[in-house]
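Participant: So the sequence lines, in the order shown, correspond to chains E and D. Each residue of the first sequence is one higher than the one before, counting from 1436 in my numbering. Each residue of the second sequence is one higher than the one before, counting from 16 in my numbering.
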Amino acid sequence: MIIHANVLITILSYILAIISAIIVGLFLRMPILPERPMRYSFTISIVFPTSVLAIGFTAILFKLGHNGLLVAVVVGVLTAIFAKYFLESLLPKPQTEESS
Amino acid sequence: MNEIIAIIIAAVLSWINFVLIDTWMGLPEQPGVKGAEVIGRSVKRRGGDLAGGFFQGNIVCSPDASAGTLLASAACYTIGTPEGGLIAAILVYFGNRLCADPGYAGTTGALSITCIIFAASYIGIGPADFIVGMVLAIVTIQGLYHPFSSRLLGKIAKKMGRHTKLP
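1. Which residue marks the beginning of the alpha helix (DSSP H) containing M175/D, and which one marks its end?
2. So M1507/E and P1484/E are in contact, right, with Cβ under 8 Å, and what is the actual spacing, rounded?
3. Hey, quick one: how far does the alpha helix (DSSP H) through C114/D stretch, first residue to last?
4. Does the segment 161-173 of chain D touch the segment 34-49 of chain D, meaning 3 or more C-beta pairs lie closer than 8 Å?
5. Quick one: complete alpha helix (DSSP H) runs, 4+ long, within the segment 78-124 of chain D?
6. Check for me: the alpha helix (DSSP H) holding E52/D runs from which residue to which?
7. From F1497/E to A87/D, what distance separates their C-alpha atoms?
8. Taking 8 Å as the CB-CB cut-off, is I140/D touching chain E?
9. By DSSP's criteria, A1480/E is part of a beta bridge. Which residues make up the other side?
10. What in chain E is Cβ-close to F109/D, meaning under 8 Å?
11. Are at least three pairs of beta-carbons, each pair with one atom in the segment 114-128 of chain D and one in the segment 85-104 of chain D, less than 8 Å apart?
12. Would you kindly check if the distance between the Cβ of F109/D and the Cβ of L1526/E is under 8 Å?
13. Which chain D residues sit within Cβ distance under 7 Å of I1490/E?
14. If you drop the 5 nearest sequence neighbours on each side, which residues of the same chain put their C-beta closer than 6 Å to that of L151/D?
15. Applying the 10 Å Cβ sphere with the 16-neighbour rule, what's the burial state of V1487/E?
16. Return the chain-ordered list of same chain residues with a C-beta closer than 6 Å to the C-beta of A134/D, the five sequence neighbours on each side being excluded.
17. Measure the alpha-carbon distance for R56/D versus L1443/E and round it to whole angstroms.
18. Since P46/D and A66/D should fall inside the 8 Å C-beta cutoff, what is the C-beta to C-beta distance between them, to a whole number of angstroms?
19. If you draw a straight line from the C-alpha of G228/D to the C-alpha of P182/D, how long is it?
20. Which residue marks the beginning of the alpha helix (DSSP H) containing I138/D, and which one marks its end?
21. Who are the near neighbours of S81/D in its chain, counting only those whose CB is closer than 6 Å to its CB and skipping five residues on each side?
Below you can see the structure in the form of structure tokens.
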């Protein structure tokens, strides 16, 4: 199996996007993990959804033609800021339990 | 690889992917919204399992690992692997949050099937095979016979410690 250099750079870009999102998330004092039981938690944490959003937004920019390690780092930083300050107001927690 | 064999392998991989992730994330434990509870109780009245019914209701009412698997396959087909799967994961996350769902099952399903598609591409199974395979996989759960499929899902939930405690 041959892995080309550009594939390695792409993988490195995604890893960099996650690392920069984690570092900025720690600076912004976001929780690393949601509280337990995690599968029912709506808390916005560093691992989920910030890291997932970071690689998703990086993939969108890559497909729009903006490649590079610097792009990935900037996207990671911006995603952490977005997740900390804007995501909760954009997608609020459900106010009441709908099911009885 | 022969197309029929590729679709069958893709269907099995998709089925295992979404059923295990959805069960692990607690879909059989409780209905997320009222519609899921109505479906679960209805399946139980027809001779099915309540936990399996909640599972079926939850995947109807919000995009969980089943939708993540299908969307990631379609996105990998149209956009490319792995970018399509990663973009599908954030779209599924936004869709989940709009459906009052935390979004763990959907995004995990989308990311895991992206890895599976990437690995399967080396043995000649492409994203198109996974789209057809996932449609077949979801038909076995939602489209053939609810009482049997819900009992099977209930057994899997019990084995994984995720069976419902609701009466």
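Even glycine gets a Cβ: it sits at the ideal position worked out from N, Cα and C. Keep in mind the model is a prediction, meaning the values are calculated, not measured.
Facilitator: Let me spell this out:
1. That residue, M175/D, is in no alpha helix (DSSP H); it is neither H nor E in DSSP.
2. Before going on, a small fix: residue 1507/E reads as Ala here, not Met. Their Cβ separation, rounded to whole angstroms, is 17 Å, which puts A1507/E and P1484/E out of contact at 8 Å.
3. Neither: C114/D is in no alpha helix (DSSP H) and is coded neither H nor E.
4. Taking one beta carbon from each stretch, the segment 34-49 of chain D and the segment 161-173 of chain D have 3 or more pairs nearer than 8 Å; the two touch.
5. Counting whole runs of 4 or more residues, the segment 78-124 of chain D contains the alpha helix (DSSP H) stretches 80-93, 98-113.
6. First-last of the alpha helix (DSSP H) with E52/D: 49-60.
7. Roughly 17 Å separates the two Cα atoms.
8. By this cut-off, I140/D is not an interface position.
9. In the sequence as presented, Ala is not what sits at residue 1480/E; that position holds Ser. According to DSSP, which records beta bridges pairwise, S1480/E is partnered with P1484/E.
10. At a C-beta separation below 8 Å, F109/D has these neighbours in chain E: L1526.
11. Flag = yes, the segment 114-128 of chain D and the segment 85-104 of chain D touch.
12. With respect to the 8 Å criterion, L1526/E and F109/D are classified as neighbours on the basis of their beta carbons.
13. For a Cβ distance threshold of 7 Å, residue set L101 of chain D lies close to I1490/E, ordered along the chain.
14. So the qualifying residues of the chain are A26.
15. The residue is buried, with at least 16 neighbouring Cβ atoms inside 10 Å.
16. Here the set comprises nothing.
17. So the two alpha carbons sit approximately 50 Å from each other.
18. Incorrect: roughly 10 Å between the Cβ atoms, too far for contact.
19. Absent from the model: residue 228/D. The displayed extent of chain D is 16 to 182, so no value can be given.
20. Element bounds for I138/D: n/a, residue is neither H nor E.
21. So the qualifying residues of the chain are F33, I74, I153.
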